[in-house]
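K.L.:
Number of protein chains: 2
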Amino acid sequence: MNKTTTQDKILDAAEQLFASTGFADTSLRQITSMAQVNLAAVNYHFGSKKELIQSVLQRYLSVLMPRLDQEFSQLLSSQKQNDLTAVLSVFIKPLLELNKVQHHGTRMFLQLLGRGYTDVQGHLRWFFNHHYGRTLDKFVLLVQQACPDLPASEIFWRLHFSLGTVVFTMASNQALQEIAAADFNENVEIEGVIHRLIPYLAAGIASPLTLSSQAH
Amino acid sequence: MNKTTTQDKILDAAEQLFASTGFADTSLRQITSMAQVNLAAVNYHFGSKKELIQSVLQRYLSVLMPRLDQEFSQLLSSQKQNDLTAVLSVFIKPLLELNKVQHHGTRMFLQLLGRGYTDVQGHLRWFFNHHYGRTLDKFVLLVQQACPDLPASEIFWRLHFSLGTVVFTMASNQALQEIAAADFNENVEIEGVIHRLIPYLAAGIASPLTLSSQAH
DNA sequence: GTCTATACAGGGATAGAC
DNA sequence: GTCTATCCCTGTATAGAC
């Protein structure tokens, strides 16, 4: 019965077009014609274009987030003191395993995440906290344990700085890779970018408090 | 002769609407009706919506970038070895002086910059390099002098990571400030955010090379 | 040169027939 | 569930008035 539902046909087409052209430059008419379904089907099944974008991301998140949650719990229950690099490195494996979900799944997901956060501002943030707040809390706890000297508010700001780093990098990933290839003769795959990001993020989050950052 | 030209009326209205609603969610009809000019005036004077966005930013950049260029040159000619925090701190004064250009100029400009980089992807990047490449080169040189152990390609990546941090933070500035106010009872103005950013960025950029970041 | 009115193609969303 | 026809809004282009 290998029957592909209308929903899945739409999701597959949308994902492909979003990743290559971006959300704003992909029309529902392009999506529905590639998926060979009626234009109104998107609004019937998903409600709106914004909700379609969320659904595309959801397919990945439903695989990734439980995996991360499990890793976070495991790290929390092991009593040892984890350093920040270890905590951040937890993301690597689950992210790369998205390649099993779909061809180039990791790249697709991270680009969608980047585009989603910047294009439909505010929308995704709410969605994320609403559905995966518990998992995020575990992560924040791990970071706090790794940086016991930082006040909670400082961790809040720095984690959002880090989110910006990741999201922006992934959204501009294609352009950055092209420049890197041209200027430095480097061929960096998504995995390489992740490995470059971790020490940068770890150092930024753990940076000591200075007079200027305390004064405000 | 305190006569406001059509161009200026459009720029003022556009700036206000862009900063509060974003580029995508602000229509030309909103802008022209607030500016009390004809719809076609935007295309007549600026060519397109994208070019209007650039012009709004240009008003600030034409003040900011020469100021920065001058500061960079001065720091380069002083023979002393500058640390990264000193180099990054150069941005603070010129940025805050934008408040003299316009009411809430700093906040306006940084929000526009954030939105510009994320909303109209690729466009602003080209514009920036084309018009202010010389100034950017000076900045990169200063960073290289402050981090003599880092290869140029690593600096390239980390500066783009940092750009992401800044741009994302400024684009989501309003949301972040609201959360900070609600969760931590903190009232953080744009100046406070800048002072929080600098140690984070400095630590991230200067982070030592690890095995994982060298391997790719 | 500047401004106005208007036309046009393409976008997302939706009511109602089937 | 699905499809057609339609609605209103967007950015852009242009003809013609001043």
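The listed protein sequences derive, respectively, from chains A and B.
Residues 1 to 216 (the numbering used here) make up the first sequence, in order.
Residues 1001 to 1216 (the numbering used here) make up the second sequence, in order.
Note that beta-carbon positions come from the ideal geometry of N, C-alpha and C, so glycine has one too.
Since alanine 180 of chain A meets chain B, which of its residues come closer than 8 Å, beta carbon to beta carbon?
P.N.:
Working through the first sequence from its first residue, we reach residue 180 of chain A at position 180. The answer, in chain order, is Ser1153, Phe1156, Trp1157.
K.L.:
Using the Cβ count rule (16 or more neighbours within 10 Å means buried), how would you classify alanine 203 of chain A?
P.N.:
Indexing the first sequence from 1 puts residue 203 of chain A at position 203. Flag for alanine 203 of chain A reads buried.
K.L.:
Have a look at A/Ser73, A/Val101, A/Asn82, A/Ala41 and flag the residue whose alpha-carbon is nearest the alpha-carbon of leucine 61 of chain A.
P.N.:
Mapped onto the first sequence, residue 61 of chain A falls at position 61. The residue with the shortest Cα to Cα distance from leucine 61 of chain A is A/Val101.
K.L.:
Buried or exposed: which applies to leucine 1011 of chain B, given that a residue is buried once 16 or more other Cβ atoms fall within 10 Å of its Cβ?
P.N.:
Start at 1 with the first residue of the second sequence, and residue 1011 of chain B comes out as number 11. It is buried - the Cβ of leucine 1011 of chain B has at least 16 other Cβ atoms within 10 Å.
K.L.:
CA-CA distance, threonine 1085 of chain B and isoleucine 1053 of chain B?
P.N.:
As a working mapping, residue 1085 of chain B is identified with position 85 in the second sequence. As a working mapping, residue 1053 of chain B is identified with position 53 in the second sequence. About 32 Å.
K.L.:
Which residue comes first and which comes last in the alpha helix (DSSP H) that contains threonine 21 of chain A?
P.N.:
Translated into positions along the first sequence, residue 21 of chain A becomes position 21. That run of the alpha helix (DSSP H) goes 6-21.
K.L.:
Cα separation between glutamine 144 of chain A and leucine 75 of chain A?
P.N.:
Looking up residue 144 of chain A in the first sequence gives position 144. Looking up residue 75 of chain A in the first sequence gives position 75. Answer to the nearest angstrom: the Cα atoms are 13 Å apart.
K.L.:
Tell me, please, whether the CB atom of proline 66 of chain A is closer than 8 Å to any CB atom in chain B?
P.N.:
What you label residue 66 of chain A is simply residue 66 of the first sequence in a count that begins at 1. It does not: the Cβ of proline 66 of chain A has no partner Cβ on chain B nearer than 8 Å.
K.L.:
If we cut at 8 Å on Cβ distances, does alanine 203 of chain A have a partner in chain B?
P.N.:
As a first step, residue 203 of chain A must be located in the first sequence, where it is residue number 203. For alanine 203 of chain A, the answer is yes, since a Cβ of chain B falls inside 8 Å of its Cβ.
K.L.:
Tell me, please, whether the CB atom of serine 20 of chain A is closer than 8 Å to any CB atom in chain B?
P.N.:
For the purposes of this step, residue 20 of chain A is taken as the residue at position 20 of the first sequence. Cβ-Cβ to chain B under 8 Å: no for serine 20 of chain A.
K.L.:
Among B/Val1042, B/Ala1182, B/Glu1015, whose alpha-carbon lies nearest the alpha-carbon of leucine 1028 of chain B?
P.N.:
Along the second sequence, read from residue 1 onward, the residue named residue 1028 of chain B stands at position 28. Taking only the C-alpha atoms, the option nearest leucine 1028 of chain B is B/Val1042.
K.L.:
Please check if any C-beta of chain B sits within less than 8 Å of the C-beta of aspartate 183 of chain A.
P.N.:
Reading the first sequence from its first residue, position 183 is the one you call residue 183 of chain A. With 8 Å as the cut-off, aspartate 183 of chain A counts as an interface residue toward chain B.
K.L.:
Beta carbon of threonine 1135 of chain B, beta carbon of phenylalanine 161 of chain A: below 8 Å?
P.N.:
Position 135 of the second sequence, counted from the start, is the residue given in the question as residue 1135 of chain B. Position 161 of the first sequence, counted from the start, is the residue given in the question as residue 161 of chain A. It is not a contact, given that the beta carbons lie outside the stated cut-off.
K.L.:
List, in chain order, every chain B residue whose beta-carbon is nearer than 8 Å to that of leucine 110 of chain A.
P.N.:
Within the first sequence, numbered from 1, the residue matching residue 110 of chain A stands at position 110. None at all; the shortest Cβ gap to chain B is about 13 Å.
K.L.:
Under the three-state reduction of DSSP, which class applies to glutamine 1081 of chain B: helix, strand or coil?
P.N.:
Taking the second sequence and counting its residues from 1, the one referred to as residue 1081 of chain B is at position 81. Looking at glutamine 1081 of chain B - three-state DSSP - the assignment turns out to be coil, as it is neither helix nor strand.
K.L.:
Under 8 Å, Cβ to Cβ, is there at least one residue of chain A near phenylalanine 1230 of chain B?
P.N.:
Nothing can be reported for residue 1230 of chain B, as the shown portion of chain B is limited to 1001 through 1216.
K.L.:
Using the beta-carbon of each residue, which ones in chain A are nearer than 7 Å to alanine 1024 of chain B?
P.N.:
Against the second sequence, residue 1024 of chain B aligns to sequence position 24. The answer, in chain order, is Ala24.
K.L.:
Could you tell me if threonine 169 of chain A is buried or exposed, where buried requires 16 or more neighbouring beta carbons within 10 angstroms of its beta carbon?
P.N.:
Position 169 of the first sequence, counting from 1, holds the residue named residue 169 of chain A. Buried is the call here.
K.L.:
Do the CB positions of alanine 180 of chain A and serine 1153 of chain B come within less than 8 Å of each other?
P.N.:
Looking up residue 180 of chain A in the first sequence gives position 180. Looking up residue 1153 of chain B in the second sequence gives position 153. Yes. Within cutoff.
K.L.:
Determine, using beta carbons only, whether phenylalanine 91 of chain A comes closer than 8 Å to chain B.
P.N.:
As a first step, residue 91 of chain A must be located in the first sequence, where it is residue number 91. So no, phenylalanine 91 of chain A is outside the interface.
K.L.:
Taking just the CA atoms, how far does leucine 39 of chain A sit from leucine 197 of chain A?
P.N.:
Here residue 197 of chain A refers to the residue found at position 197 of the first sequence. Here residue 39 of chain A refers to the residue found at position 39 of the first sequence. Near 40 Å, if we compare the C-alpha coordinates of leucine 39 of chain A and leucine 197 of chain A.
K.L.:
What residue range is occupied by the uninterrupted alpha helix (DSSP H) comprising serine 47 of chain A?
P.N.:
Position 47 of the first sequence holds residue 47 of chain A. The identity of residue 47 of chain A in the sequence shown is glycine, whereas the question assumes serine. Careful: glycine 47 of chain A lies outside any alpha helix (DSSP H) and carries neither H nor E.
K.L.:
Counting only Cβ pairs nearer than 8 Å, list the residues of chain B close to valine 167 of chain A.
P.N.:
In the first sequence, the residue the question calls residue 167 of chain A occupies position 167. Within 8 Å Cβ-Cβ: Gly1164, Phe1168.
K.L.:
Rounded to whole angstroms, how far is the Cβ of valine 1188 of chain B from the Cβ of glycine 1114 of chain B, which I believe are closer than 8 Å?
P.N.:
Along the second sequence, one-based indexing puts residue 1188 of chain B at 188. Along the second sequence, one-based indexing puts residue 1114 of chain B at 114. That pair is no contact at about 16 Å.
K.L.:
Of the residues A/Gln111, A/Gly47, A/Asn82, which one's Cα is nearest the Cα of glutamine 177 of chain A?
P.N.:
As a working note, residue 177 of chain A is residue 177 in the first sequence. Of the listed residues, the one whose Cα sits closest to glutamine 177 of chain A is A/Gln111.
K.L.:
If we ignore side chains and look at the alpha-carbon of each, how far apart do serine 1207 of chain B and cysteine 147 of chain A end up?
P.N.:
On the second sequence, position 207 is the one that residue 1207 of chain B refers to. On the first sequence, position 147 is the one that residue 147 of chain A refers to. About 17 Å.
K.L.:
Alpha carbon to alpha carbon, what distance is there between leucine 88 of chain A and phenylalanine 1091 of chain B?
P.N.:
Numbered from 1 along the second sequence, position 91 holds the residue referred to as residue 1091 of chain B. Numbered from 1 along the first sequence, position 88 holds the residue referred to as residue 88 of chain A. If you take the alpha carbons of phenylalanine 1091 of chain B and leucine 88 of chain A, they lie about 30 Å apart.
K.L.:
Report, in whole angstroms, the separation of the C-beta atoms of proline 94 of chain A and leucine 68 of chain A, which I expect to be a contact under 8 Å.
P.N.:
On the first sequence, position 94 is the one that residue 94 of chain A refers to. On the first sequence, position 68 is the one that residue 68 of chain A refers to. Yes, proline 94 of chain A and leucine 68 of chain A are in contact; Cβ-Cβ is about 5 Å, under 8 Å.
K.L.:
Interface residues of chain A around leucine 1197 of chain B at Cβ under 8 Å?
P.N.:
Your numbering for residue 1197 of chain B matches position 197 in the second sequence. What leucine 1197 of chain B touches in chain A: Phe161.
K.L.:
Is there a Cβ from chain A that is less than 8 Å from the Cβ of glutamate 1186 of chain B?
P.N.:
As a position in the second sequence, residue 1186 of chain B is number 186, starting the count at 1. Yes, because at least one Cβ of chain A sits closer than 8 Å to the Cβ of glutamate 1186 of chain B.
K.L.:
For histidine 1195 of chain B, does the count of other Cβ atoms within 10 angstroms reach 16, so buried, or fall short, so exposed?
P.N.:
One-based indexing of the second sequence puts residue 1195 of chain B at position 195. Histidine 1195 of chain B comes out buried.
K.L.:
If you scan the region 1149-1181 of chain B from start to end, which runs of the alpha helix (DSSP H) of 4 or more residues do you find wholly inside it?
P.N.:
Entirely contained in the region 1149-1181 of chain B, the alpha helix (DSSP H) runs reaching 4 residues are, in chain order, 1152-1171.
K.L.:
For tyrosine 117 of chain A, count neighbouring Cβ atoms within 10 angstroms of its own Cβ and tell me buried if that reaches 16, exposed if not.
P.N.:
Along the first sequence, read from residue 1 onward, the residue named residue 117 of chain A stands at position 117. Buried, because 16 or more other Cβ atoms sit within 10 Å of the Cβ of tyrosine 117 of chain A.
K.L.:
Rounded to the nearest angstrom, what separates histidine 1104 of chain B and leucine 1098 of chain B at their Cα positions?
P.N.:
Position 104 of the second sequence, counted from the first residue, corresponds to residue 1104 of chain B. Position 98 of the second sequence, counted from the first residue, corresponds to residue 1098 of chain B. If you take the alpha carbons of histidine 1104 of chain B and leucine 1098 of chain B, they lie about 8 Å apart.
K.L.:
Would you please verify whether the beta carbon of aspartate 137 of chain A is less than 8 Å from any beta carbon of chain B?
P.N.:
Here residue 137 of chain A is taken as the residue at index 137 of the first sequence, counted from 1. Chain B, which has no Cβ nearer than 8 Å to the Cβ of aspartate 137 of chain A, makes this no.
K.L.:
Using a cut-off of 7 Å between C-beta atoms, extract the partners of tyrosine 1200 of chain B located in chain A.
P.N.:
Taking the first residue of the second sequence as position 1, residue 1200 of chain B is located at position 200. Arg158, Phe161, Gly204, Ser207, listed in chain order.
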